[in-house]
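Heads up, the thing below is written out as structure tokens.
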Amino acid sequence: MQERISKHIKGAFVILLTALSITANMYAAESSDSEINPKEIIFEHVQDAYWWHITTINEHHISVYLPVIIYSSASGWNIFMSSHLEHGHKYRGFYIPDGGRYAGKIVESGANGAEVLPLIDISVTKTVLAMLINSVVMLVIFLSVARWYKRRPGYLAPGGFVGAMEMFVMSVEDDIIRESIGKDYARYSPYLLTAFFFIFINNIMGLIPFFPGGVNVTGNIAVTLVLAFCTMIAVNLFGNKEYWKEILWPDVPLWMKAPFPLMPVIELFGVISKPFALTIRLFANITAGHAVMLALTCLVFITVKMGVAMNVGMTVFSVILSVFMNFMEILVAYIQAYVFTMLSAVFIGLSRQEHDHKSAGKKLKTM
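Numbered per the numbering used here, the sequence shown spans residues 264 to 630.
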């Protein structure tokens, strides 16, 4: 029985590889005039866009077009759908250049013919729509879990999905937030839990290769910058007196504080570098994962013209490695959410530490 099952699995795997190879050859035959450009494909995926391309059927692009909201010094406010700008078309003097400094951005021609960005661009882009969808997913998950607790008595232990979510939430609460912040952890739990699950759900949705997934949300540096900025506010706005004393007047020799404030300058630089580290770490890791996955997929199409044997061999390699990388990316999705939340909790915990007067007195006596 096991041998028959294994034979069926092997047969299905061979059929899958053959189908992929045939599809790649058909794709190459249809697009013989244009070469596959992996760099263009990768950058098109990881970058933001004014519409959400879903698929192409018989050279017909199926996309979700989004509202463009821009303010120009020449024409004022302009609101229209991004479908007017597809394929390099101009609309009301606005267009999206294919290359150059402002590639992928909406621009208009200036007085001297140069490309000029609008003064304000608050358009709904692919990343914005993906964040809204993923936020709705997160709200549905947690509101349904909260509804279960509201309807059930407190002594009844949850099971299934609700039990899994309780275990997930408590692991973040106990292992990250409480351990890093200490006794005052409860006031920061709502923000840190929201940040963790927002990052985790966006990372997981980004691994789904079809609509409404597949968007590189946390690989957008603007998103990670706002998340890091929220952490910086929580650290510096609610930091106690001891925290600011250690920054502005640290316990170091006087010559390192006055007349040249060497240590305060270094400490203030640390206030800025902490959110910068949060921003770059999350952005770089998620973007790199998406780029690797797309590069492996492009191997199937790049090797089409190298012959059937080479194409089948590289297809096998690409499929096996892609499956492995998908499982790795699921782990990375959790790790990056965990690391961001942990570092945020550590930074908040450091800003809430109290000065131990007893230990300081003992040190003075021993001296």
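Ideal Cβ placement from N, Cα and C applies to all residues, glycine included.
*Answer with buried or exposed for Asp447, where buried requires no fewer than 16 other C-beta atoms within 10 angstroms of its C-beta.*
Label assigned to Asp447: exposed.
_Limits of the beta strand (DSSP E) - the one that Ile320 falls within_ = Under the DSSP assignment, Ile320 falls in the beta strand (DSSP E) whose first and last residues are Trp314 to Ile320.
_From Val425, Ile543, Gly612 and Met605, residue whose alpha carbon lies closest to that of Trp411_ = It is Val425.
*For Trp315, count neighbouring Cβ atoms within 10 angstroms of its own Cβ and tell me buried if that reaches 16, exposed if not.*
Looking at its Cβ environment, which holds 16 or more other Cβ atoms inside 10 Å, Trp315 is buried.
*State the Cα-Cα distance for the pair Phe306 and Phe546, rounded to the nearest angstrom.*
So the alpha carbons of these two residues sit roughly 14 Å apart.
*asked:* Rounding to the nearest angstrom, what Cα-Cα distance links Gly612 and Ser443 in this structure?
replied: Near 6 Å, if we compare the C-alpha coordinates of Ser443 and Gly612.
*Could you check where the alpha helix (DSSP H) with Trp512 kicks off and where it finishes?*
In the DSSP assignment, Trp512 falls outside any alpha helix (DSSP H) and carries neither an H nor an E.
_Contact the region 362-373 vs the region 314-328: 3+ CB pairs below 8 Å_ = No: fewer than three Cβ pairs fall under 8 Å.
*Cβ neighbour criterion (16 or more within 10 Å) applied to Met573*: Counting C-beta atoms within 10 angstroms of its own C-beta, Met573 has fewer than 16 neighbours from the protein chains shown and is therefore classed as exposed.
_Could you compute how far the alpha carbon of Val391 sits from the alpha carbon of Gly570?_
Each residue's Cα considered, the two are about 42 Å apart.
_Segment limits, beta strand (DSSP E) that includes Ile484_ = Here Ile484 belongs to no beta strand (DSSP E); instead the alpha helix (DSSP H) covers Ile484 to Leu500.
_Glu436 versus Tyr451, Gly422, Phe532 and Gly423, residue with shortest Cα-Cα distance_ = Sorting Tyr451, Gly422, Phe532 and Gly423 by C-alpha distance to the C-alpha of Glu436 places Tyr451 at the top.
*So, is Val563 buried or exposed, given that buried needs 16 or more other C-beta atoms within 10 angstroms?*
Taking a 10 Å sphere around the C-beta of Val563, we find 16 or more other C-beta atoms and assign the residue as buried.
*asked:* I'd like to confirm the pairing. Which residues does DSSP put opposite Met605 in its beta bridges?
replied: Per DSSP, none; premise fails for Met605.
*Measure the Cβ-Cβ separation of Ala482 and Ile535 and say whether it is below 7 Å.*
It is Gly, not Ala, that sits at residue 482 in the sequence shown. It is not a contact, given that the beta carbons lie outside the stated cut-off.
_Given 8 Å, three or more beta-carbon pairs between the region 382-391 and the region 327-347_ = Contact between the region 382-391 and the region 327-347 is present, because at least three Cβ pairs lie under 8 Å.
*Where the alpha helix (DSSP H) through Pro524 begins and ends*: DSSP places Pro524 in no alpha helix (DSSP H); its state is neither H nor E.
_Whole-Å CB distance - Pro527 paired with Ile510, under 8 Å assumed_ = The distance from the Cβ of Pro527 to that of Ile510 is about 7 Å, consistent with a contact at the 8 Å cut-off.
*Count the other CB atoms, across all protein chains shown, that sit within 10 Å of the CB of Val403; report buried if there are 16 or more and exposed otherwise.*
Counting Cβ neighbours within 10 Å, Val403 comes out exposed, since fewer than 16 surround it.
*With a cut-off of 8 Å, do at least 3 Cβ pairs link the region 549-560 to the region 493-511?*
No, they do not touch.
*Could you check if Ala540 is buried or exposed, using at least 16 other CB atoms within 10 Å of its CB as the buried criterion?*
So Ala540 counts as exposed.
*Contact check, Pro538 vs Phe492 under 8 Å by CB: the rounded distance?*
About 6 Å separates the Cβ atoms of Pro538 and Phe492, confirming a contact at the 8 Å cut-off.
*Go to Phe474, then tell me how far its beta strand (DSSP E) extends in each direction, as first and last residue.*
For Phe474, there is no enclosing beta strand (DSSP E), as DSSP marks it with neither H nor E.
_I believe Gln599 touches Ile471 by the beta-carbon criterion, under 8 Å. Please report the beta-carbon distance rounded to the nearest angstrom._
About 17 Å; that fails the 8 Å criterion.
*Is Met401 closer than 7 Å to Met460 when the C-beta atoms are compared?*
In the sequence on display, residue 460 carries Phe and not Met. The answer is yes: Cβ separation under 7 Å.
_The beta strand (DSSP E) that contains Val480, what's its start and end?_
Taken as a continuous stretch (DSSP letters only), Val480 belongs to no beta strand (DSSP E), as it is neither H nor E.
*Just tell me which of Val586, Tyr358, Met394 and Ala337 has its CA closest to the CA of Ala485.*
Closest by C-alpha distance to Ala485, out of Val586, Tyr358, Met394 and Ala337, is Met394.
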